[in-house]
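Protein chains in written order, with the numbering used here: chain A, 13 to 469; chain B, 426 to 1201.
For each residue, glycine too, the CB sits at the ideal point set by N, CA and C.
Here the structure is a predicted model, which is why all the values come from computation and not from measurement.
Some notes on the structure that comes next.
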Amino acid sequence: MSALKRGSILVLLCTAALFLCACGTESGYKVNSQLAASGKVRLTLIGMNPDFRAMESVISKFCTIYPNCSIEYEYVQNYGKTLPLRLADREDRADLFITTNIQADSTALPYALELLSQGPRLNISQTYSGLIENFTYGGRNGTKLYAVPMDGELRGLYVNTTLLSSLGLKVPRSLDELIACCERLKKAGYVPFQGNPGSFGIGLLYPYICSLVANSPDYPGTYSAVNACEPGISNLFRPAFEILYGFAEKHYYDYKYIESSRGAFANMAEDTMARDFLNIVLSDGNYKKADDRGLVAFLPGTLSWKGILDRTKEDFHSAIEYKFILAPVSSTGGYAYLSPGYGIAVSSASLHRDWALEFLNFFFTGTVNRDFARQENGIPNTKDALDYIRREFRISPEHICQLGQVTFDYPFYQTIREALIDVSKANNPKYMKKDGTMYELQHYMDNLEKALAQYRR
Amino acid sequence: MSFSIIWTIWRKRLHSTDAEKTQRRFQRSGNRGLWKRRLHSSHHTLWLAAGNAIIVILIIVIFIAFAGSSRQKMYEQNISDIRNINRSAANISSDFFLNQRSRLINASEYIRLKNLDYDEALDYIATVETGSAGSFELLDSGARGFASLRKNAGFIPVEYRSPDYERLMKICAESGSAQKQNTVFFTPEFTDSLNARNSFAFYRYIALSRRQNGAPPQIHNYTLLSICRTKQYRGLLETDSGYRDLATALVNRQGDYVIADSAFKSDNLFRYFYVFNNLSLEERMRLESEFPADGGGIYYLKDAGGRDSVFVYASVPGTDWIAVSSVPLSSFHNSRLDLSFTLIIALLLIALMLMNMLWLEGINRRLEESAQREKEASAAKTDFLSRMSHDIRTPLNVIIGTTILAEDIPENPPETAKYLRNIEQSGSFLAALVNDILDLNKVESGKMELHLQPYSASQFRQGISAIIQPLCDKKNIAFSIEGDDSTPPLMLDRMRINQIFYNILSNSVKFTSEGGWIKLSYSLSFAGPAREADSGDRAGGRQARIEFAAADNGSGMSTEFQRHMFEAFSQESPSMRPAIQGTGLGLAIVKNLVDLMKGSIQVESLPGKGTVFHIVLPAETAPQSLIERPVAGSVLPLGGRHILLCEDNPLNSEIARKILETKGMTVDCAEDGRQGLEKFSASPGFFYDAVLMDMMMPVMNGLDASRAIRALPRPDARLIPIIAMTANAYDIDVRNSLDAGMNAHLAKPIEPQILFSTLAAQIALAAQAYDRGRKV
């Protein structure tokens, strides 16, 4: 055989190999040839989203690569309660399920497959460790992972830009601008902030509170102090509580008004809050759009709510425009606090465990996950998650932190949340002094100190 | 296909030997009529090509039209099938729902008629058979209650109190509505809190008395649900429709799903369309406003997988719902081959084939007719040329022969001798011209055949020297032949090989000045491995290659002439060469002969310097059985030999006799073949040494006479050499003479040297044969 012929064959083989590689991968995903060559399977993925288009898109891509596999997404209502029932169903087994963080007390724990023990069958090397760590917990036999966060979540403000524009206001970029906006809104007869007290304070200020710890000049020392709940540690968070207290004092957030006039916000369901934000009201037993301007200027919430808002806006043909911003609670803008979104887990009862794990491998491939996060309005669970936030929200690294940096040995989040709820309710007569005046800020700071003190070591 | 056939035919016609020959004949003869026929044929070809093109275009058009129509037909058939499936789903749903509804009505009516209280009602519904996939649930206005399944001492509690159950909560909250008390309603699909299975339910409001916490019984409003598992219902719809990814959903008039296959996304049909088709709000609203159309409808939209799909819908009888079925277009059944279409295409192809066959038949017929006409014309021409050749050669033979004889008269005055020499030279030139013209005609008309026989290098050397050496001697030109004479004899046409080199070397003599030189060299090479020399290559057939080089230092040729040197009648311009007599046919004949022998010829020439001809000829070695032993023909004395000369022309007879007598031979003359036969018959055995036989003679021609002599029952009849000496110089004449039993053929005008050498050789061969016969 001549050298020319050998060379030509080599070139052809290389081309074919490159072609096969290109066909067989989704930008870094390596096709599992063993599964690709196996028989037909049908997997069931259950979740709480009635319309999970981002996930459908991933499923579609996966099933294109593996034509012998089909995955059905099944919507299950009242997910928190029905999930264990559904997972326990041996007649109609689920293979994968969407879940919150599965910890030792989770009802889904008995039905979830431990993932770290799956060896090379699971490859989540492209994910962001800061998000994964939060989903791991130290069980009796060491570190366990039962679900992987599908994306990351941010807390911030939804700003009704239509309403602001109608009053000649721009989206605020600093605390001063935010306060100026609130004053103008108040004068125009609006209550600037709306929302359930359970989500209001947290949505508005938790990123700032976390940043006070994570981005402090002496992070190890500060972390240690917060973790140990050292005496006087509540003072660290005073700047945030001052802001919230000031907002309550000036009735930028009015809990009494929420209870009496904006009942929907008493309910923390996302779709009811979305309806209220977009001024969709119940009329003759049916929801209808009240106007195309709305009554709510600022709604604290999470980034993933945007999907609900978008859907509600579409359903009711609302013309209200809105924007998600990091709450500008400092002179230099807002803070980003990255926490895990919902996770995806493999059912331990799955008869197609290899396929389910392979789906996770595919799902957590960089490009696939970025596309999913984009459709889901989340932060990609990829190694560059923090860079992504910095680019998207144009903030400095000192304003960014993530859950892992503020995870302590006690329920820090719950403690702070309760304290923030208390301040949020401060202007409600029910929670005022007997003389009808608000408690001073120090009262709430003392309460916070007491709450933290119970975890003091 | 048709075009390829036409092209092939065209190409064959254009490249066929017949076509070339015909074309050359046309060119030579200037037969305009044949050209017209050719043009007429081209015209036919164009028509045929046009016909083929039209049929092919027709096939394509029909195919496209059919494909379009078939696709449309098939598409409509698919739509019709899907509509039927959809209607079937609607009817199945209707039956199923009516059944479930009846069960609910029966249960609720029983409770009402029996005036059962809450606990009794629960006990009762726990006994009602609802099928494996369903159960009853009794809920209060707060969406809390029990399933009709016992667990431990009581019933399993169920609760629908989360935002996800907003619609169910609303249903339960309305249980007090008096207007709705006797109506059966239907819930949208929900997750059964009992088992987390996707379910739907018929429900009815009922009022039951209930005792709580020891208080007196009070009437409360409840919602009684007859729950069915969605999967069970879907199972009823799953038929082997043949459509991959067929999905069905039940929706209300607003498009909200009542029960939907998982392929239907979102919670509303139009939201699904809106989201997955990137519709504008206006488009979505238009779709919603037009829904549902009476008698059903169809949408062409993308499904959740981005595939173009059809969504067909129809009302579910007995309900206010609409059954929607979706199928991706990619799942549509492929069109089947239509018989009529196949027949049409087949008929068209048959028509095309017949047309082409008829056309080919016509071409063949015309070619055959043309060939026949050509054959006839050729035969007539050959006959004409043969006669002309004979009629020219006969007097020419007399002129040359008489002149030669006259030259031998010693008393001729010098002037007379000079005139005789001139006559002889002119006669020889005229004879050469006649020979060349006939040869060229034979070669170009493809009638020249090669008569292969063993030919050794020494024979070749002798043959060439015998002719060329005297010519060179006359001009004081040094002539030499170089080559290895020990090479085995090859199968060659002696006469034509010699003719090639006579022509080339005689040209060299003509164009080389006195004192010059001419060299002929040859060498032999064999293809393949050498065989053992001693074996003598008895079988022959070994491929060989002879390379000749004929060089001179003559006047050479101009570059311009070299381009045309092989064309007939082309001659170097007089300015380049001295005026030398020639026909301009010699090199044309050489080229044709070399081509006929599948050889090659190349020329190197410089004006004033000389010329070298390189000729390469393929040949095979001669088998031993055919190789003649050397005969000393040239040295065999001819004096005293008895020759029987059969010649009807007295002058020719006289000349031949005189020529023969110059060598001391005794000649008996016969005026025709019959006389010759009689003379031979009457002669004693082995009296005559040879017979010289003219061909065209009265009474009995030379061929018949030869056959008759060979047929005589006497020993010398078979051995005596009979040599045709005739003006019939065509190959066919040569072949005829040999077939008639003659041993050699000499064309008139007679060249005495050739006549003598032929006689000597043939007599020697006969003697050898006689000796062999005697020994045997």
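Asked	Found
Taking only beta carbons into account, state which residues of the segment 560-593 of chain B come closer than 7 Å to chain A, listed in chain order.	Ser587, Pro588, Asp589 and Tyr590
Flag Glu326 of chain A as yes if its beta-carbon sits less than 8 Å from any beta-carbon of chain B, otherwise no.	yes
As a quick exercise: from B:Leu858, B:Val1019 and B:Pro913, pick the residue whose alpha carbon is nearest that of Gly1009 of chain B.	B:Leu858
Please state the DSSP three-state secondary structure of Thr648 of chain B.	strand
Let me check one thing: in DSSP terms, what residues is Asp898 of chain B bridge-paired to?	Per DSSP, none; premise fails for Asp898 of chain B.
Leaving out five residues on either side along the sequence, give the residues of the same chain with a beta carbon under 6 Å from the beta carbon of Glu472 of chain A.	The displayed coordinates of chain A run from 13 to 469. Any statement about residue 472 of chain A would go beyond what the structure contains.
Around the Cβ of Ile644 of chain B, are there at least 16 other Cβ atoms within 10 angstroms (buried) or fewer (exposed)?	exposed
Lys605 of chain B touches chain A at which residues, Cβ-Cβ below 7 Å?	The contacting residues do not exist; Lys605 of chain B stays about 13 Å from chain A at best.
Is DSSP giving Ile430 of chain B helix, strand or coil here?	Low local confidence applies: a pLDDT of 47 at Ile430 of chain B is under 50, so the model's placement there is unreliable, with the coordinate-based value given in what follows. Helix.
Could you tell me the distance, in whole angstroms, from the CA atom of Gln679 of chain B to the CA atom of Glu715 of chain B?	11 Å
Quick one: which unbroken alpha helix (DSSP H) runs of 4-plus residues sit fully inside the segment 679-725 of chain B? Chain order, please.	694-701 and 706-714
Mind checking the segment 81-94 of chain A against chain B and listing, in chain order, the residues whose C-beta falls within less than 9 Å of any C-beta there?	Glu84, Tyr85, Glu86, Tyr87, Val88, Gln89, Asn90, Tyr91, Gly92, Lys93 and Thr94
Work out the CA separation of Ala685 of chain B and Leu372 of chain A for me, nearest whole Å.	27 Å
Just how far apart, CA to CA, sit Val1041 of chain B and Leu865 of chain B?	21 Å
Is the shortest distance between the beta-carbon of Asn279 of chain A and the beta-carbons of chain B less than 8 Å?	yes
Run through DSSP, which three-state label would Tyr235 of chain A get?	helix
Span of the beta strand (DSSP E) holding Tyr630 of chain B?	Asn623 to Arg635
What residue from B:Gly1089, B:Asp1073 and B:Leu1076 has the CA that sits closest to Leu1061 of chain B's CA?	B:Gly1089
Check the DSSP bridge columns for Gln46 of chain A and list the partner residues they point to.	Bridge partners of Gln46 of chain A: none, in fact.
Opposite Ile971 of chain B in the DSSP bridges: which residues?	B:Leu949 and B:Leu1042
Take Thr648 of chain B and list the residues in its own chain whose beta-carbon comes closer than 7 Å to its own, dropping the five residues that flank it on each side.	Leu564, Ile596, Cys597, Ser600, Tyr628 and Tyr630
Whose Cβ in chain B lies nearer than 8 Å to the Cβ of Thr284 of chain A?	Pro588
Specify the secondary structure class of Met1125 of chain B as computed by DSSP and reduced to three states.	coil
Determine the closest residue to Arg365 of chain A out of A:Ala252, A:Lys442, A:Ser330 and A:Leu134, with distance taken between C-alpha atoms.	A:Leu134
For the 8 Å Cβ check, are there 3 or more pairs between the segment 219-229 of chain A and the segment 286-298 of chain A?	no
What are the partner residues of Ser751 of chain B, as DSSP defines its beta bridges?	B:Ala672 and B:Phe736
Which of the three DSSP states, helix, strand or coil, is assigned to Ala572 of chain B?	strand
Can you tell me whether DSSP reads Asn298 of chain A as helix, strand or coil?	strand
Run through DSSP, which three-state label would Asp383 of chain A get?	helix
Give a yes or no on whether the minimum CB-CB distance between Arg54 of chain A and chain B is below 8 Å.	no
Beta carbon of Val609 of chain B, beta carbon of Ile530 of chain B: below 8 Å?	yes
Since Ser408 of chain A is in the beta strand (DSSP E), which residue starts that stretch and which ends it?	Where Ser408 of chain A is concerned, there is no enclosing beta strand (DSSP E), given that its DSSP letter is neither H nor E.
By alpha-carbon positions, which one of B:Ile769, B:Pro742, B:His758 and B:Asp728 ends up nearest to Ser750 of chain B?	B:Asp728
With 9 Å as the C-beta to C-beta threshold (strictly closer), list the residues of the segment 695-718 of chain B near chain A in chain order.	Arg696, Tyr697, Tyr699, Val700, Phe701, Leu706, Arg709 and Met710
Just to check my reading of the structure: Lys626 of chain B and Leu650 of chain B have Cβ atoms closer than 8 Å, yes? What is that Cβ distance to the nearest angstrom?	The amino acid occupying residue 626 of chain B in the given sequence is Ala; Lys does not appear at that position. Contact holds; Cβ gap of about 4 Å.
How about Gly164 of chain A and Gly416 of chain A: do their beta carbons lie closer than 8 Å?	no
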